[in-house]
Structure formats: structure tokens, C-alpha cells
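Heads up, the thing below is written out as C-alpha cells.
2 protein chains.
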Amino acid sequence: MNFSNITMSKRIRRTPYTDKIEECGVTGFTVVNHMLLPKAFSRSTEEDYWHLASHVQLWDVSCQRQVQIEGPDSDKFIQMMTPRSIKDMHIGQCLYIPLIDENAGMINDPVLLKLDNKKFWLSIADSDVLLWAKGLAVGLNLNVSILEPEIYPLAIQGPKSEDLMVSVFGEEIRSIKFFNFKVFDFNGEQQIISRSGYSNQDGFEIFFSGYDNGELIWEKLWQHGLKYNISAGCPNLIDRIEAGLLSYGNDFTIKNNPMECNFENYIKDLNHEFIGKKALEKIKLKGVTKKIRGIIFDESPCPSCTIPFPVFSKNKLKIGEITSGIYSPKLKKNIGISMILREYSDVETEVIIETPDKIKRYGVINLLPFTK
Amino acid sequence: MNFSNITMSKRIRRTPYTDKIEECGVTGFTVVNHMLLPKAFSRSTEEDYWHLASHVQLWDVSCQRQVQIEGPDSDKFIQMMTPRSIKDMHIGQCLYIPLIDENAGMINDPVLLKLDNKKFWLSIADSDVLLWAKGLAVGLNLNVSILEPEIYPLAIQGPKSEDLMVSVFGEEIRSIKFFNFKVFDFNGEQQIISRSGYSNQDGFEIFFSGYDNGELIWEKLWQHGLKYNISAGCPNLIDRIEAGLLSYGNDFTIKNNPMECNFENYIKDLNHEFIGKKALEKIKLKGVTKKIRGIIFDESPCPSCTIPFPVFSKNKLKIGEITSGIYSPKLKKNIGISMILREYSDVETEVIIETPDKIKRYGVINLLPFTK
Numbered sequence: 081m082n083f084s085n086i087t088m089s090k091r092i093r094r095t096p097y098t099d100k101i102e103e104c105g106v107t108g109f110t111v112v113n114h115m116l117l118p119k120a121f122s123r124s125t126e127e128d129y130w131h132l133a134s135h136v137q138l139w140d141v142s143c144q145r146q147v148q149i150e151g152p153d154s155d156k157f158i159q160m161m162t163p164r165s166i167k168d169m170h171i172g173q174c175l176y177i178p179l180i181d182e183n184a185g186m187i188n189d190p191v192l193l194k195l196d197n198k199k200f201w202l203s204i205a206d207s208d209v210l211l212w213a214k215g216l217a218v219g220l221n222l223n224v225s226i227l228e229p230e231i232y233p234l235a236i237q238g239p240k241s242e243d244l245m246v247s248v249f250g251e252e253i254r255s256i257k258f259f260n261f262k263v264f265d266f267n268g269e270q271q272i273i274s275r276s277g278y279s280n281q282d283g284f285e286i287f288f289s290g291y292d293n294g295e296l297i298w299e300k301l302w303q304h305g306l307k308y309n310i311s312a313g314c315p316n317l318i319d320r321i322e323a324g325l326l327s328y329g330n331d332f333t334i335k336n337n338p339m340e341c342n343f344e345n346y347i348k349d350l351n352h353e354f355i356g357k358k359a360l361e362k363i364k365l366k367g368v369t370k371k372i373r374g375i376i377f378d379e380s381p382c383p384s385c386t387i388p389f390p391v392f393s394k395n396k397l398k399i400g401e402i403t404s405g406i407y408s409p410k411l412k413k414n415i416g417i418s419m420i421l422r423e424y425s426d427v428e429t430e431v432i433i434e435t436p437d438k439i440k441r442y443g444v445i446n447l448l449p450f451t452k
Numbered sequence: 081m082n083f084s085n086i087t088m089s090k091r092i093r094r095t096p097y098t099d100k101i102e103e104c105g106v107t108g109f110t111v112v113n114h115m116l117l118p119k120a121f122s123r124s125t126e127e128d129y130w131h132l133a134s135h136v137q138l139w140d141v142s143c144q145r146q147v148q149i150e151g152p153d154s155d156k157f158i159q160m161m162t163p164r165s166i167k168d169m170h171i172g173q174c175l176y177i178p179l180i181d182e183n184a185g186m187i188n189d190p191v192l193l194k195l196d197n198k199k200f201w202l203s204i205a206d207s208d209v210l211l212w213a214k215g216l217a218v219g220l221n222l223n224v225s226i227l228e229p230e231i232y233p234l235a236i237q238g239p240k241s242e243d244l245m246v247s248v249f250g251e252e253i254r255s256i257k258f259f260n261f262k263v264f265d266f267n268g269e270q271q272i273i274s275r276s277g278y279s280n281q282d283g284f285e286i287f288f289s290g291y292d293n294g295e296l297i298w299e300k301l302w303q304h305g306l307k308y309n310i311s312a313g314c315p316n317l318i319d320r321i322e323a324g325l326l327s328y329g330n331d332f333t334i335k336n337n338p339m340e341c342n343f344e345n346y347i348k349d350l351n352h353e354f355i356g357k358k359a360l361e362k363i364k365l366k367g368v369t370k371k372i373r374g375i376i377f378d379e380s381p382c383p384s385c386t387i388p389f390p391v392f393s394k395n396k397l398k399i400g401e402i403t404s405g406i407y408s409p410k411l412k413k414n415i416g417i418s419m420i421l422r423e424y425s426d427v428e429t430e431v432i433i434e435t436p437d438k439i440k441r442y443g444v445i446n447l448l449p450f451t452k
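These protein sequence lines are chains A and B, in that order.
Quick note on numbering: the first sequence equals residues 81 to 452 in the working numbering.
Quick note on numbering: the second sequence equals residues 81 to 452 in the working numbering.
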């Protein structure tokens, strides 16, 4: 049975690397931004986790689509879309920014790249930020051009990623600081490479430009990676949850605001104008009724969290639901991420989790991340 | 192997009917609007096609999310979003409308329902129209409220659908005209039922309100449907292509305009103001370089069209690609939908199709639909 046929049609877009991923024995895909994201290979999530923590992996994260915003009003426009100030952002920097709507509901949580003073990319999670941005810009009649460029990100993640990247692109790679990018040549084309990625490990993302050369860059990284025990991979659920990396659509949605998502540090000073400012100021003043928290819960490995696990207080009130959960082999406990009612969200608060296997599991509230 | 686990997490939303669908032996899902759409059951697409053409099927089309636009400016706002005039639309009517952006690029092709003079639903294909509409409304500072209501459409399709619906909701069902809806009671709740659906058959859609009663309505339809040989189903690719029903993301995208998609009838008179008007007028004046066409091609059944089939002219120029294609047991030929270069788009133009099995197939251009 070929899983890749299950969800495939042009609407669920393939990437420049999908053929390679299939050669590597992908066993499942999910869909993000109308594009395939590999979800599993032949080994288990735990085997994959240990490999990621020890070696280097090549991930097809083309589904991190870029929304390019360019033009005279581009900086002003970006600033209107987020409560986080971009005033001090420099060219070559990456910034994690919440995008909110008029009610301060989360539209997305992209990484913003400043390519030059009047050109930006939003590297997005799973919602059509392109349409939100275009709608806003048309409505506001701003002088910006907005499009989805032909960029297909590849992530190189794991402790050996720096050595591998140096081997392909040279020593200059080592000078890239976390959440910064530099421009490198590949086969005569300029490519943006950042030190970043959706993992708890050191890593890089190549914002690869040009569909047709996708297999070339994949092959080159693969060949150079053999001596580092390279493997094809994908965001690893254990690693991601341990790191407290949130997933839009899972751990929070448009119904949540940045305060609920623990984004206080990004919204300390609301000195600039932005969409949702009034709503967010009101929320800051009034406080929120729930917060995202970690939960550590008892030792028998929990089943796959395909449907959220309800979370109860000791007095049997439903106080949240685990939207990302898995067994952590490092902590030898289950760990999960849940929006939790404020009054039950203090660290060490005791909670009860009901998993689909009908086992009652006891746990305690924790802050994110689970490990540093 | 449980396919349903492959792509599942809260981000890929389940529906009120997913448990029922799994009981019915679903073998594959796809993802539309961040929600599961059943794609296959245990029988073949062709067996499913004959069943659909003879009996009645129950489809979980919850992924046809509704974007509700309500408020003093709602009618004006809807009219700004589409080149099709809604001036003469009456309450209780459904209207297929292209939504376009400032360049006349297709944002989506929803069905618009007029619930009252100041309340509308857009029943959408696969793109976040919610974000587009919200962005526009915020930018334009219009007095509308926009949200995704808790509506989970069920489609009842096939020649026996009317009898089944009468059996559940009464004789009044027969009075619903094509692309109109009426309101019916189910367990004390008001439910909107239209005569419509993404098939070539007679059929209805229940815009079911309320997640929690989803299994109740499913069960009731199922019980009443047993005497009509009811079956769980999903949009059938043979039936859909024969009917010339387009699929957003497959057959056209934001890079296409309404003229290319054969929507001339909806944009005859551009007397009102709307986004993209200038661009569309220019396109109308200048003409388009390509048009969606049907193609009938040679008799050995073509492989699954998971990757578009390139289409060539007799002089070996690439003139399009088939984005939806399958063998039609009724026509005893392969049929496909392709955007085709204008000068090769006349009916009966001879073309060559290359399928992944490396077979060269000869075909001719046809208009859509293939069958009436």
C-alpha cells in the first residue's frame, strides 16, 4: 500500500524533495499549507528521536511556505500585523512573531525574516497567511506586493548539522548566530540559510529557491552527510514536545490570544499601532482565563494523541485537554501540552488525564519546555 | 494499518461523523480546510460510482466549512468579494460565486447561501476564505461580523436521495428547487437543507448545526436509508469529472482568473464595484491565454492522476496538464480536466497525453461537462 497515494492530488502539493523522501521509505504524510509534510519513516518515533539527538537529519519542510511582503509600505504593514515590535530588527535576522486578528486571536505564529529594509518573508505555520495579508493590504490600500515565492525550505537538524553544513557551504556557516541568516551560493544561485528549525537541537534551514534544483541540493547534502550518519527525518514529536515548541492548529488556534500562548515577552510594550491592539490591551488588563502548560503524567507510555486527552482537576472539573502528548524516553514519563484553566495552571498542581485506553493517569502541571 | 492515524492530530480536525465513517470502513482520508474528508471505502471508485448513480449515499462533507458574514454591511461586503452580481438573490437561494483577489486571481469558488438580508454563508472549497474575508473587512473597516460557525455539512446524493430525505423530513423536501434551501426541524433544532451537492446526481446537503447531535442525524438517515440501499460515500472522481465539476487547488488556483475557469456567465455585466474589477475588465478586453477544457483520451484505463499528466499538441508543444483524470466506464474512455492554451482549446483539437506509465495516449479536446 502506497500511503503517498492516499492523499495525493495536485491540491495537496508535492515538493521538490518528495521523490527523494519516497526513495527514503516515507511511511506517512500529513498536510500543512496544502502541501505534503513527511510524518514518519520506517523506524519508530523513539528511534528517530535518538538519531536526531545524536547525528544529523534532513527534513523536507517545504510546507513552511513563505509569504513575501515587499514594497514601500512593507515594514509598516508587517508592524501592523503583529504586537511584537520589529523596530530594532536588523537585516539578516529571524524573529518569531504572533500574528493576530482584530480580536487578538492568533492567525499564525510565523518566523519573520528581514531580507532588506523593504522586503520580508513570513515563514508560516498551517493557515493561509497569504490570504489574510492580501485581504488586509487590499482593504488598507497599502503599497505592498504580496505573494508566495518559489521557496522550498529544507531543515538540517541535529548536533552534526553544523559540520555537515560547513562541509557543503564552507566555514562561514559557523558564524551564523541562532535566529539569524546569511546568503550562500549554491550552483551559482543565492540561497538564504538560517540557524533555526523546529527541533530542540542545533540546526539550519535552507530557504531553497528554485523547484528544479531541489534534488541537486538534497543529493549534495545527502552525499556529504553520509559520514555524519545522515538520515531523512521530519519534526519529531518527542523532541518537539520536550522543547515546548507549539503547533498552530493543535496547541492553539484563532480562538486563543497571545497571552494564553505564553507570548508575554513579545507583547511587553505595545507602543506601536497594530491590528487587535485594543482587544489585546483589554486582555492584558483583565488577564486570561487559561494558559498553555506542560503536563508530566504517569509512567506507562500513553497512546498516540490523535484525539485530545481531557484533563481534569482533582475535584473532577475538566480544566483542559492535551493536544500534543507522548512518552518521553529521556524523562521516563509521559509529557503533554495543554491549555489549562488559569486557577489550575500553577506548577505542581495535580491533574488527572484520561487517555482513549480508559486508563486514568495522574500528572502535575509543569512549565514549558520540559528540558533545557 | 489504520489510515486514520496517519494524518491525525487536532490540527487535522475530525468531524461529528468521523467515528461513523470509521465504522463504515473508510480506507483513506484527504484534508480539506484543515479537516478530514473521507476519500475511499473498501470498494473501488468504479463500484462506488455505479452505486452513487443507482441508489443513495451519505457523505461527510463537514470540510465544506461555512464562513458566516453578518451585519449591516454584509450584503455590500459580499458583493465586493465577487464579480457575480447578487442583486437579485433571494433569501433561501444558493449561488455559485467566484471570489477573486485584486489581480482577479481565484481565491475560492464557494456556494453562497443567503440566510436573510444581512446574513450569508460562504460554503467554501479548500482555502482559508475566513482569513481573506476577515483581512478585507478589517482593512476596509466594515460593519460585519465574520466567523466559522459550528456547521457540519452532510451530503445525501443519488437518485434515491429525495425519497430518503422525504422519509426523514417529510413531503416538504420535494418542494426544494435546485440550488435553493429551506429550514427543517430535527430534534427541536432548525436545520438548513439545500438541493445541491458535489455530484452529477440529484441530492441534498444538510448544513447540520451542532457537533453533538451529529451522530443522531447520521443514524437517523442511515436507518431510513437501509430500504434505499444506502451506503457511506464521498465525492466520486468519475462522477465529478464526467459532470465537469471543478476542484479548487487541482483544476485552478489563485494564479487563474474566472475567464480561464469558464465562469463567463457569472461575469457578463460588471456594473457593481468589487475587488479585482479593473484587473478583470482588462482580462475581458484582452482575452485569456488558456481555458479549462475536457479531454477524452484513449481506451486503456489511465493510472491514478496523483501527479498531473502533461498534455501536448500534435507539434509536441506542451499545451496543458490534466489535473483531474480517470477512466469513465460510461464513456468507455479516459476523461480529464486541463487548463489548455487558448489556440489549442477548440473542441476536437487532437492532443497527446503522457501518463506516468510512459504510455502516449491520443485524445481530443471536449467541452465540460462530458455528459449531461
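Each residue gets a CB set at the ideal place from its N, CA and C atoms; glycine is no exception.
Let me know if H135(B) comes out buried or exposed under the rule of 16 or more other beta-carbons within 10 Å of its beta-carbon. Translated into the one-based positions of the second sequence, residue 135(B) becomes position 55. Under this definition H135(B) is a buried residue.
Using only alpha-carbon positions, find the residue among D292(B), A133(B) and G400(B) that is nearest to T369(B). Locating residue 369(B) in the second sequence gives position 289, counting from the first residue. For T369(B), the nearest C-alpha among the options comes from G400(B).
Assuming N223(A) and P152(A) form a contact by the criterion Cβ under 8 Å, report the distance between their Cβ atoms to the nearest whole angstrom. Within the first sequence, residue 223(A) is the residue found at index 143, counting from 1. Within the first sequence, residue 152(A) is the residue found at index 72, counting from 1. Yes, N223(A) and P152(A) are in contact; Cβ-Cβ is about 5 Å, under 8 Å.
Neighbour-count burial assignment, H114(B), 16 or more Cβ in a 10 Å radius: Within the second sequence, the letter at position 34 stands for residue 114(B). That one is buried.
Label K90(A) either buried or exposed according to how many other C-beta atoms from any shown protein chain fall within 10 Å of its C-beta, with 16 as the threshold for buried. Your numbering for residue 90(A) matches position 10 in the first sequence. Buried: at least 16 other Cβ atoms inside 10 Å.
Considering Cα atoms alone, identify which of I226(B), D181(B) and I420(B) is closest to R373(B). The sequence position of residue 373(B) within the second sequence is 293, counting from 1. The shortest C-alpha separation from R373(B) is found at I420(B).
Are the CB atoms of S276(B) and F249(B) nearer to each other than 8 Å? Working through the second sequence from its first residue, we reach residue 276(B) at position 196. Working through the second sequence from its first residue, we reach residue 249(B) at position 169. Contact flag unset, no.
Less than 7 Å between C-beta atoms, sequence neighbours within five positions excluded: which residues of the same chain meet that for Y291(B)? Within the second sequence, the letter at position 211 stands for residue 291(B). These residues qualify, in order along the chain: P96, E230 and Y232.
At what residues does the alpha helix (DSSP H) containing K398(B) begin and finish? Taking the first residue of the second sequence as position 1, residue 398(B) is located at position 318. Not the alpha helix (DSSP H): K398(B) falls in the beta strand (DSSP E), residues K398 to S408.
For N82(B), which of helix, strand or coil comes out of DSSP? The count along the second sequence starts at 1 and reaches residue 82(B) at position 2. Unreliable positioning characterises N82(B) in this predicted model, as indicated by a pLDDT of 37, which lies under 50. The coordinate reading is nonetheless provided below. Here N82(B) sits in coil by DSSP.
Using the C-alpha atoms, what's the distance from Q281(A) back to S404(A)? Position 324 of the first sequence, counted from the first residue, corresponds to residue 404(A). Position 201 of the first sequence, counted from the first residue, corresponds to residue 281(A). Distance between the alpha carbons of S404(A) and Q281(A) is about 19 Å.
Touching by the beta-carbon criterion (3+ pairs, under 8 Å), the stretch 339-353 of chain B and the stretch 157-171 of chain B: yes
Under 8 Å between C-beta atoms of E361(B) and V218(A): As a first step, residue 361(B) must be located in the second sequence, where it is residue number 281. As a first step, residue 218(A) must be located in the first sequence, where it is residue number 138. Taking 8 Å as the Cβ cut-off, E361(B) and V218(A) do not qualify as a contacting pair.
Are the C-beta atoms of E182(B) and some chain A residue less than 8 Å apart? Sequence index remark: in the second sequence, residue 182(B) carries index 102 (1-based). So yes, E182(B) belongs to the interface.
For D273(B), I'd like the list of residues in its chain whose CB is within less than 8 Å of its CB, leaving aside the five on either flank, ordered along the chain. Counted from its first residue, the second sequence places residue 273(B) at position 193. Note that residue 273(B) corresponds to Ile in the displayed sequence, not to Asp. If we look at I273(B) and ignore the five residues flanking it on each side, its Cβ neighbours are M245, F249, I253, I256, F261, K262, V263, F264, F284, E285, I286 and F287.
Using a beta-carbon distance below 8 Å, is P388(B) in contact with chain A? Translated into positions along the second sequence, residue 388(B) becomes position 308. P388(B) counts as touching chain A.
Looking at the unbroken alpha helix (DSSP H) that takes in G219(A), where does it start and where does it end? In the first sequence, counting from the first residue as 1, residue 219(A) sits at position 139. From DSSP, the alpha helix (DSSP H) with G219(A) extends over V209 to L220.
Mind listing which residues of the stretch 338-361 of chain B have their C-beta closer than 8 Å to chain A's C-betas, in chain order? I355
For a contact meaning CB atoms closer than 8 Å, what does N330(A) contact in chain B? In the first sequence, counting from the first residue as 1, residue 330(A) sits at position 250. The answer, in chain order, is S89, K90 and R91.
Those residues which DSSP pairs with M160(A) across a bridge: Along the first sequence, one-based indexing puts residue 160(A) at 80. Answer by DSSP bridge pairing: none, since M160(A) is not bridged.
Take the Cβ of E322(A) as the centre, count every other Cβ of all protein chains shown within 10 Å, and call the residue buried at 16 or more, exposed below. Numbered from 1 along the first sequence, position 242 holds the residue referred to as residue 322(A). Answer is buried; the Cβ neighbour count reaches 16.
Distance between D206(A) and G329(A) (C-alpha atoms, nearest Å): Looking up residue 329(A) in the first sequence gives position 249. Looking up residue 206(A) in the first sequence gives position 126. Rounded to the nearest angstrom, the two C-alpha atoms are 7 Å apart.
Cut-off 6 Å between Cβ atoms - residues of its own chain near W201(A), not counting five sequence neighbours on either side: The residue given as residue 201(A) occupies position 121 in the first sequence. So the list reads Q146, Q148 and L193, once near-sequence residues are dropped.
Do L132(B) and G324(B) have their C-beta atoms closer together than 8 Å? As a working mapping, residue 132(B) is identified with position 52 in the second sequence. As a working mapping, residue 324(B) is identified with position 244 in the second sequence. No, these two residues do not count as a Cβ contact at 8 Å.
Between the alpha carbons of L179(B) and M186(A), how many angstroms are there, rounded? Working through the second sequence from its first residue, we reach residue 179(B) at position 99. Working through the first sequence from its first residue, we reach residue 186(A) at position 106. One C-alpha to the other measures close to 24 Å.
Is the Cβ-Cβ distance between Q271(B) and S289(B) less than 8 Å? The sequence position of residue 271(B) within the second sequence is 191, counting from 1. The sequence position of residue 289(B) within the second sequence is 209, counting from 1. Contact flag set, yes.
Exposure label - V209(A); buried when at least 16 CB within 10 Å: Position 129 of the first sequence, counted from the start, is the residue given in the question as residue 209(A). Buried is the call here.
Taking Cβ-Cβ distances shorter than 9 Å, what residues in chain A pair up with H114(B)? Taking the second sequence and counting its residues from 1, the one referred to as residue 114(B) is at position 34. Near H114(B) (Cβ distances below 9 Å), the residues of chain A are V111, D206, S207 and G329.
Tell me the start and end of each unbroken alpha helix (DSSP H) in the stretch 100-140 of chain B that is at least 4 residues and wholly inside, in chain order. 125-134
With 16 as the cutoff for other CB atoms within 10 Å, does D319(B) come out buried or exposed? Walking along the second sequence from the start, residue 319(B) turns up at place 239. So D319(B) counts as buried.
Would you check if there are 3 or more beta carbon pairs closer than 8 Å linking the stretch 304-312 of chain A to the stretch 384-395 of chain A? no
Contact set for S425(B): own chain, Cβ-Cβ below 8 Å, skip 5 residues either direction: Translated into the one-based positions of the second sequence, residue 425(B) becomes position 345. Taken in chain order, the residues that qualify are K370, K371, R373 and I445.
Check the DSSP bridge columns for R441(B) and list the partner residues they point to. Taking the first residue of the second sequence as 1, we reach residue 441(B) at position 361. BP columns for R441(B) point to I433(B).
Along the stretch 301-314 of chain A, where does the CB come closer than 9 Å to a CB of chain B? Name the residues. none
To which residues of the same chain is D243(A) closer than 7 Å at the C-beta, ignoring the five residues directly before and after it? As a working note, residue 243(A) is residue 163 in the first sequence. Excluding residues within five positions, the ones whose Cβ falls inside 7 Å are Y308.
Tell me, which residues are paired with A312(B) by DSSP? Position 232 of the second sequence, counted from the first residue, corresponds to residue 312(B). Per DSSP, L138(B).
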